[in-house]
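Everything on this sheet refers to the single structure shown next.
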Amino acid sequence: MQKARDSLTPDHLSMLQVIAELGSFAAAARHLGLVPSALTYRVRQIEEALDVLLFDRSARQARPTEAGAELLREGARLLSDVAAVAHRVRRVGIGWEPQLTISVDGVISPTTMMELVEAFYAQSPPTRLKLHDGILSGTLEALTSGRADLALGVAVNPGTVAGLQQELLGDMLFQFVVAPHHPLAKAEEPISDAVMRAHRLVAVADSAEKGSVTMGILGGQDVLTVDSMQAKIHAQLRGLGGGFLPESMARPYLEDGRLVVRAVARPARTVQLHYAWGGPGHSAPGRALQWWLEQLRKPATRRALMENHQHP
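Letter by letter, the sequence shown follows residues 416 to 727 in the numbering used here.
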């Protein structure tokens with residue numbers, strides 16, 4: 416006797432669907448090019464393997480039993496999954512990656528990222544996307560360690576990494592901002608390092624495994640460290656500390672008066688951001704990565720990734 420698993424082949428599931436749709440064994444046999452006895456024998460083999468009756472044969476029509484109807488429902492789902500796998504494999508075979516992982520720095524617009532993801536899926540690619548949150552050197556580390564295929568918002572110098580390629584995303588201005596009720600909101604400008612040092616700074620932790628990159632922290636200064644740019648904004652809105660934020664991220668809160676810009680004695684900080692791909696062990700870009708690189712070549716896309724920040 417056949418095992419239950421061996422009886423549930425795609426061919427057998429398709430055969431059962433034909434019987435149910437045409438309503439009789441004779442009509443299904445003609446449709447499938449089989450003699451009725453051969454079709455009946457195959458159905459009986461499946462029923463014996465499952466130890467259930469799949470069709471009620473008491474009437475002239477072949478009506479699925481309760482168990483048969485359940486098998487037909489699950490069988491339709493399994494056949495759909497098989498077709499989807501076949502479609503995915505065919506497309507992977509013509510150059511689409513099975514998965515593409517993108518390391519996205521916290522200063523990149525999540526709204527624009529989701530718009531790009533939506534446009535990518537509109538191509539009906541077989542590639543699964545994975546977005547990885549990064550901060551400072553961790554954004555690049557995900558790429559150079561092989562955990563990502565593309566890094567967006569790289570703010571650190573990659574040095575000499577074999578096979579690594581990068582292009583300029585744009586310049587991002589960072590401003591020192593505090594809540595209106597924070598003591599530094601009333602301090603004399605430009606605020607000196609000595610005055611700054613006496614107040615807590617809100618900083619985002621480097622997401623690298625051995626992250627050590629920091630920005631704007633003075634020696635001996637009290638620091639509240641958070642793990643995302645959104646957490647940093649929320650802390651500063653509450654007056655838990657001051658800190659440097661990208662002008663585009665701070666802009667909505669500056670416009671509604673929930674944050675204020677303060678001039679500081681140190682030079683204004685403008686950071687060059689890049690996007691990078693390749694690196695050790697990476698082969699030539701597949702079609703998914705090529706699509707993303709094509710979008711990033713557009714000035715409007717690069718600008719939106721840096722500028723399109725809204726209230727959470």
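For each residue, glycine too, the CB sits at the ideal point set by N, CA and C.
For residue i, which of helix, strand or coil comes out of DSSP?
{"i": "R543", "result": "strand"}
{"i": "S439", "result": "coil"}
{"i": "S524", "result": "coil"}
{"i": "H724", "result": "coil"}
{"i": "S518", "result": "strand"}
{"i": "V450", "result": "coil"}
{"i": "D421", "result": "helix"}
{"i": "L674", "result": "coil"}
{"i": "L551", "result": "coil"}
{"i": "G490", "result": "helix"}
{"i": "S495", "result": "helix"}
{"i": "R712", "result": "coil"}
{"i": "S429", "result": "helix"}
{"i": "Q705", "result": "helix"}
{"i": "R457", "result": "helix"}
{"i": "R718", "result": "helix"}
{"i": "A699", "result": "coil"}
{"i": "R666", "result": "helix"}
{"i": "R562", "result": "coil"}
{"i": "A537", "result": "coil"}
Is any beta-carbon of chain B found at less than 8 angstroms from that of residue i?
{"i": "V638", "result": "Reference to chain B is not applicable here, since this structure consists of a single protein chain."}
Taking the C-alpha atoms as reference points, what is the distance between residue i and residue j?
{"i": "A534", "j": "A646", "result": "28 angstroms"}
{"i": "Q705", "j": "L515", "result": "11 angstroms"}
{"i": "G656", "j": "L639", "result": "8 angstroms"}
{"i": "I632", "j": "S607", "result": "13 angstroms"}
{"i": "A715", "j": "E709", "result": "12 angstroms"}
{"i": "H597", "j": "L579", "result": "43 angstroms"}
{"i": "P479", "j": "L486", "result": "9 angstroms"}
{"i": "S495", "j": "Q432", "result": "13 angstroms"}
{"i": "A602", "j": "T559", "result": "43 angstroms"}
{"i": "V519", "j": "T554", "result": "6 angstroms"}
{"i": "A623", "j": "A678", "result": "31 angstroms"}
{"i": "G521", "j": "K713", "result": "21 angstroms"}
{"i": "E462", "j": "L544", "result": "41 angstroms"}
{"i": "Q476", "j": "T526", "result": "56 angstroms"}
{"i": "E722", "j": "V676", "result": "18 angstroms"}
{"i": "T424", "j": "A618", "result": "57 angstroms"}
{"i": "A441", "j": "L531", "result": "53 angstroms"}
{"i": "R615", "j": "A577", "result": "40 angstroms"}
{"i": "L360", "j": "G510", "result": "The chain is shown only over 416 to 727; residue 360 falls outside these bounds and no answer can be derived."}
{"i": "A484", "j": "R492", "result": "13 angstroms"}
{"i": "S452", "j": "V458", "result": "10 angstroms"}
{"i": "Y668", "j": "L674", "result": "5 angstroms"}
{"i": "N572", "j": "L720", "result": "20 angstroms"}
{"i": "R420", "j": "E481", "result": "20 angstroms"}
{"i": "P605", "j": "A703", "result": "48 angstroms"}
Which word fits residue i, buried or exposed, when buried means at least 16 other C-beta atoms lie within 10 angstroms of its C-beta?
{"i": "S539", "result": "exposed"}
{"i": "A665", "result": "buried"}
{"i": "V450", "result": "exposed"}
{"i": "V497", "result": "exposed"}
{"i": "P541", "result": "buried"}
{"i": "S429", "result": "exposed"}
{"i": "L583", "result": "exposed"}
{"i": "Y536", "result": "exposed"}
{"i": "Q590", "result": "buried"}
{"i": "D621", "result": "buried"}
{"i": "Y456", "result": "exposed"}
{"i": "P513", "result": "exposed"}
{"i": "G549", "result": "buried"}
{"i": "A563", "result": "buried"}
{"i": "P661", "result": "buried"}
{"i": "E436", "result": "exposed"}
{"i": "E561", "result": "Here the sequence assigns Gly to residue 561, which means Glu is not the residue at that position. With fewer than 16 other Cβ atoms within 10 Å, it is exposed."}
{"i": "S524", "result": "buried"}
{"i": "A609", "result": "exposed"}
{"i": "Q651", "result": "buried"}
{"i": "G658", "result": "buried"}
{"i": "E556", "result": "buried"}
{"i": "G568", "result": "buried"}
{"i": "P700", "result": "buried"}
{"i": "A680", "result": "exposed"}
{"i": "A683", "result": "exposed"}
{"i": "A443", "result": "buried"}
{"i": "M529", "result": "exposed"}
Spell out the partners DSSP gives residue i in its beta bridges.
{"i": "F470", "result": "P479"}
{"i": "Q687", "result": "D586"}
{"i": "L567", "result": "V519, Y690"}
{"i": "P513", "result": "Partner(s): none; P513 has no beta bridge."}
{"i": "P661", "result": "F589"}
{"i": "V679", "result": "I606"}
Legend entry - Uninterrupted alpha helix (DSSP H) stretches inside the segment 569 to 654 (no shorter than 4 residues): 608 to 612, 644 to 652
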